[in-house]
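Peer 1: Right, I'll just put the structure down here and ask away after.
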Amino acid sequence: MVSRVAFALVSFVALTSSGFGQDRTHLDGAPQNQASTDLELRRALAAQANEIGGLRHALDKWRDVLAAQDAAAACGCKVEPKTREKLNNSWLQAVAHGFDASKMASRIQTAMTDELTAADLKAVVGFDKTNLGQRIIAATLGTKPGKAEAPSQDRLAAEMAKLADAGKVLAADPRRAAVIAELVEVTDAVKGQIDALMGVALGSLKGSAAAMPSNRPQPAEDEISELIASQRVMMQAAFSSMMPQAFQAMYADIATDDLQTYVTWRKSPPARNFQRVQDASFVAALQATSETIGRHFARNMEGEEL
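Each number in my numbering comes from the position in the sequence shown (counting from 1) with 1158 added on.
The following block contains the structure:
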């Protein structure tokens, strides 16, 4: 993957610095293959959009989400200390072997190359390179310098307190609350988060079900899918209520006028097209990876007494 990204970025620099789009010819005077050149440009722009946008950092965060899955709860097994330790160690090993960030990034980049135009990708890269774009990306990914992360036992309390403070800010500032609400809507944040989590849960449950002892009834794949889908209504209500506060906490240091500018950008056709393709390919990559991890987990637990 590193070599592919490097080649794509080099290709992008070469194309743009050579005046791409002008009437160029081969040495023999024949017109250059425009379709091939456009494909190279789209591939290079997709790679640059993913690099600037911090795709690998986002994937690393999802690796942590997967590693934190409670394998014992998913398996439906007794949670005696030894059993829990056995299950969770096997799950962590499965995540380590099954989570291939390079493969996922390559899959997402391929979808962008195939489904987006060069104009869409140029617009996305152009915005992400701006000062506002860079600040939005840093805030979204949590990469801006800040205080050291709280110990794990205090993290949930700290996050809940942050959300409560964010809610107070929005209650006291109706204009900012309206802009934040519009941003949540235009980014499809609630649906995107639910789709990603459901994809992870679906893959995880499939693997965990396969690891159940033979004397325990194993749910069919369609039953697992229905079980996961049944959680959507509850998740929709929870995330719809929480997302505005989460966005305020995330973008607390970005001025309301700047957020309004960002909302306007996210409404543009290039931004909407990019989001549609990125969201779908990201969720598909997450689910496929979760299923791979589930298969590793099943193999790790094969023959174990639970």
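No residue lacks a Cβ here, since even glycine has one placed at the ideal position from N, Cα and C.
Being a predicted model, the structure only gives us computed values, none of them experimental.
#1: When DSSP labels each residue in this structure, what does Gly-1212 get in the three-state scheme?
#2: Roughly how many whole angstroms lie between the Cα atoms of Ser-1448 and Leu-1355?
#3: Do you know whose CA, among Asp-1380, Gln-1192, Ala-1216, lies nearest Asp-1437's CA?
#4: Let me confirm a value: Thr-1450 is counted as buried when at least 16 other C-beta atoms fall within 10 Å, else exposed. Which label applies?
#5: Counting Cβ pairs, one atom from each stretch, are 3 or more of them under 8 Å apart for the segment 1241-1250 and the segment 1287-1295?
#6: Mind the definition here: the segment 1204-1224 touches the segment 1257-1271 only if three or more C-beta pairs lie below 8 Å; say whether that holds.
#7: Here's the rule: buried if 16 or more other CB atoms are within 10 angstroms of the residue's CB, otherwise exposed. What is Glu-1317?
#8: In chain order, what residues of the same chain lie with their CB nearer than 6 Å to the CB of Thr-1271, ignoring the 5 residues before and after it?
#9: What do you reckon, are the CB atoms on Gln-1418 and Val-1358 nearer than 7 Å?
#10: What residues in its chain sit with their C-beta under 8 Å from that of Ala-1276, if we drop five residues either side in the sequence?
#11: Between the C-alpha atoms of Gln-1403 and Arg-1434, what's the straight-line distance to the nearest angstrom?
#12: Give me the Cα-Cα distance between Ala-1297 and Met-1408, rounded to the nearest whole angstrom.
#13: Leaving aside the five residues before and after Pro-1477 along the sequence, list all residues of the same chain whose C-beta is less than 8 Å from its C-beta, in chain order.
#14: Shortest alpha-carbon distance to Gln-1394 belongs to which of Ile-1352, Ala-1429, Gln-1251, Glu-1384?
#15: If I follow the unbroken alpha helix (DSSP H) through Gly-1452, where does it start and stop?
#16: So, using beta-carbon positions, are Tyr-1420 and Ile-1295 closer together than 7 Å?
#17: Could you compute how far the alpha carbon of Met-1400 sits from the alpha carbon of Val-1327?
#18: Is Glu-1273 helix, strand or coil by DSSP?
#19: Report the CB separation of Val-1441 from Ser-1398 in whole angstroms; it is logged as a contact under 8 Å.
#20: Keeping to the same chain, check which residues put their C-beta closer than 7 Å to that of Ala-1193; ignore five residues upstream and five downstream.
#21: With distances taken between CB atoms, is the gap from Ser-1248 to Met-1392 smaller than 7 Å?
#22: If the criterion is Cβ atoms closer than 7 Å, does the pair Val-1344 and Arg-1424 meet it?
#23: Looking at the structure shown, is Glu-1238 part of a helix, part of a strand, or coil, going by DSSP?
#24: Taking the straight line between their C-alpha atoms, what separation do you get for Arg-1390 and Asn-1191?
#25: Apart from the five residues just before and just after Val-1253, which ones in its own chain have a Cβ nearer than 6 Å to its Cβ?
#26: Measure the C-alpha to C-alpha separation of Leu-1444 and Gly-1256 and round it to an integer number of angstroms.
Peer 2: Quick look at the numbers:
#1: If DSSP states are grouped into helix, strand and coil, Gly-1212 belongs with coil.
#2: 11 Å
#3: Ala-1216
#4: buried
#5: no
#6: yes
#7: So Glu-1317 counts as exposed.
#8: Arg-1200, Arg-1201, Ala-1204.
#9: no
#10: Asp-1196, Leu-1199, Arg-1200, Leu-1203
#11: Spanning the two alpha carbons is a distance of roughly 24 Å.
#12: 6 Å
#13: Residue 1477 is absent from the structure shown; the chain starts at 1159 and stops at 1464.
#14: Ile-1352
#15: 1427-1459
#16: For Tyr-1420 and Ile-1295, no; Cβs fall outside 7 Å.
#17: 14 Å
#18: helix
#19: Not a contact, Cβ separation roughly 19 Å.
#20: Closer than 7 Å at Cβ, skipping near neighbours: no residue.
#21: no
#22: yes
#23: coil
#24: 48 Å
#25: Leu-1224, Ala-1225, Ile-1451
#26: Cα to Cα, the separation comes out at about 11 Å.
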